[in-house]
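Participant: Residue numbers (my numbering): 71 to 344. My questions will all concern the structure given below.
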């Protein structure tokens, strides 16, 4: 089944076949080998987190360098956002909806597959990552935990007006999620809202987006996406973020599949009061 990417008739997130998401096909297509685009993004994110966390640890007095709670929103079959947070976390929540992805993530929490060694190597020379060295697998096993759920429910308010898990996490990532779960730009913004709502004030974050995506195939199923560009991503994040750093990756090496025009990376700090 193929969904039309139509603004007039959006395919909403709850219409997509998440229960049929083929994790094995997805990982084989995207993560068995380190793609140049992922290497570049991971290098940028690792550098950003290393600089930010090192600087702020030095500026703290009591409790400097204390482990924090991290979240990767919509982890899917991708471990590298969590690896980018690993040195500073006492717990990382891998939040995911699709059943096969959840099963895969739980297996990785027990023993990380060898293909992820190449991803860690990209990070290894930066401060923080360098200190972990070959012990990164042990730490990942100790701190990573999987939570199955719907990200839209994470951002909803309860009957008292409070958001579930609001401000709980001190560092966070969301990679190729908000624009890759629906053709609806309204749901794109809602996904961004949900992610940002769970971050504490002053939490550093990294978020990556497929630019100009028209949807994607995994195994025999087609999944919806919405067409976003750097301007729209920046507009979605601006109410929540300060010190926002944006990068657009659009060379041939950055096109990892048919049906998109590049990638957008945003790094920043969660502002207070939104």
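Built from N, CA and C at the ideal position, the CB exists for glycine as well.
Rounded to whole angstroms, how far is the Cβ of residue 254 from the Cβ of residue 296, which I believe are closer than 8 Å?
Facilitator: For the purposes of this step, residue 254 is taken as the residue at position 184 of the chain shown. For the purposes of this step, residue 296 is taken as the residue at position 226 of the chain shown. The pair is a contact, with the Cβ atoms about 6 Å apart (cut-off 8 Å).
Participant: Hey, quick one: how far does the beta strand (DSSP E) through residue 310 stretch, first residue to last?
Facilitator: Residue mapping note: residue 310 aligns to position 240 of the chain shown, counting from 1. No beta strand (DSSP E) holds residue 310; DSSP gives it neither H nor E.
Participant: So, do the region 288–306 and the region 169–181 have three or more beta carbon pairs nearer to each other than 8 Å?
Facilitator: Judged by Cβ distances under 8 Å, the region 288–306 makes no contact with the region 169–181, as fewer than three pairs qualify.
Participant: For residue 276, collect the residues of the same chain with a Cβ closer than 6 Å to its Cβ; drop the 5 residues on either side in sequence, then sort them by chain order.
Facilitator: The sequence position of residue 276 within the chain shown is 206, counting from 1. Correct list, in chain order: 115, 243 and 337.
Participant: For the alpha helix (DSSP H) that residue 94 lies in, which residues bound it at each end?
Facilitator: What you label residue 94 is simply residue 24 of the chain shown in a count that begins at 1. Segment 93–100, the alpha helix (DSSP H) holding residue 94.
Participant: Should the region 156–167 be called in touch with the region 200–218, which here means at least 3 C-beta pairs below 8 Å?
Facilitator: Touching, yes, given that three or more Cβ pairs across the two stretches are closer than 8 Å.
Participant: If residue 123 sits next to residue 137, beta carbons under 8 Å apart, how far is it from one beta carbon to the other, in whole angstroms?
Facilitator: Numbered from its first residue, the chain shown carries residue 123 at position 53. Numbered from its first residue, the chain shown carries residue 137 at position 67. Actually they do not touch by this definition, with Cβ atoms about 11 Å apart.
Participant: Is residue 257 near residue 279, with beta carbons less than 8 Å apart?
Facilitator: The residue you call residue 257 lines up with position 187 of the chain shown. The residue you call residue 279 lines up with position 209 of the chain shown. No. Outside cutoff.
Participant: Beta carbon of residue 209, beta carbon of residue 156: below 8 Å?
Facilitator: Along the chain shown, read from residue 1 onward, the residue named residue 209 stands at position 139. Along the chain shown, read from residue 1 onward, the residue named residue 156 stands at position 86. Contact flag set, yes.
Participant: Buried or exposed: which applies to residue 89, given that a residue is buried once 16 or more other Cβ atoms fall within 10 Å of its Cβ?
Facilitator: One-based indexing of the chain shown puts residue 89 at position 19. With fewer than 16 Cβ atoms within 10 Å of its Cβ, residue 89 is classed as exposed.
Participant: Measuring alpha carbon to alpha carbon, tell me which residue in 110, 251, 317 and 333 is nearest residue 189.
Facilitator: Here residue 189 refers to the residue found at position 119 of the chain shown. Minimum Cα distance to residue 189 is reached at 110.
Participant: Can you say whether residue 180 is buried or exposed, counting buried as having 16 or more other CB atoms within 10 angstroms of its CB?
Facilitator: As a first step, residue 180 must be located in the chain shown, where it is residue number 110. It is exposed - the Cβ of residue 180 has fewer than 16 other Cβ atoms within 10 Å.
Participant: So for residue 287, helix, strand or coil by DSSP?
Facilitator: As a working note, residue 287 is residue 217 in the chain shown. Three-state result, residue 287: strand.
Participant: Answer with buried or exposed for residue 260, where buried requires no fewer than 16 other C-beta atoms within 10 angstroms of its C-beta.
Facilitator: Residue numbering aside, residue 260 sits at position 190 when the chain shown is read from its first letter. Per the 10 Å Cβ criterion, buried.
Participant: Nearest by alpha-carbon distance to residue 333: which of 292, 108 and 340 is it?
Facilitator: Within the chain shown, the letter at position 263 stands for residue 333. Answer by Cα proximity: 108.
Participant: Got a sec, what are the start and stop residues for the beta strand (DSSP E) residue 217 sits in?
Facilitator: Mapped onto the chain shown, residue 217 falls at position 147. Segment 214–218, the beta strand (DSSP E) holding residue 217.
Participant: Cutting at 8 Å between CB atoms, please list the residues of its own chain near residue 311, excluding the five before and the five after it.
Facilitator: As a working note, residue 311 is residue 241 in the chain shown. Closer than 8 Å at the Cβ level, and outside the excluded window around residue 311, lie 266, 275, 336, 338, 339, 340 and 341.
Participant: Can you tell me where the alpha helix (DSSP H) holding residue 173 begins and where it ends?
Facilitator: As a working mapping, residue 173 is identified with position 103 in the chain shown. From DSSP, the alpha helix (DSSP H) with residue 173 extends over 169–180.
Participant: Considering Cα atoms alone, identify which of 318, 327 and 343 is closest to residue 100.
Facilitator: Within the chain shown, numbered from 1, the residue matching residue 100 stands at position 30. The residue with the shortest Cα to Cα distance from residue 100 is 327.
Participant: Between which two residues does the beta strand (DSSP E) harbouring residue 142 extend?
Facilitator: Here the question's residue 142 lines up with position 72 in the chain shown. Taken as a continuous stretch (DSSP letters only), the beta strand (DSSP E) holding residue 142 covers 138–143.
Participant: Nearest to residue 212 by CA position, among 200, 182, 238 and 239, is which residue?
Facilitator: In the chain shown, counting from the first residue as 1, residue 212 sits at position 142. Comparing Cα-Cα distances from residue 212 to each of 200, 182, 238 and 239, the minimum goes to 182.
Participant: Taking the continuous alpha helix (DSSP H) assigned at residue 339, which residues delimit it?
Facilitator: Looking up residue 339 in the chain shown gives position 269. Where residue 339 is concerned, there is no enclosing alpha helix (DSSP H), although the beta strand (DSSP E) it sits in stretches over 332–340.
Participant: If you draw a straight line from the C-alpha of residue 223 to the C-alpha of residue 192, how long is it?
Facilitator: Numbered from 1 along the chain shown, position 153 holds the residue referred to as residue 223. Numbered from 1 along the chain shown, position 122 holds the residue referred to as residue 192. Approximately 34 Å, taken between the alpha carbons.
Participant: Look up residue 210 in the DSSP assignment and give the residues it is bridged to.
Facilitator: Start at 1 with the first residue of the chain shown, and residue 210 comes out as number 140. According to DSSP, residue 210 bridges with nothing at all.
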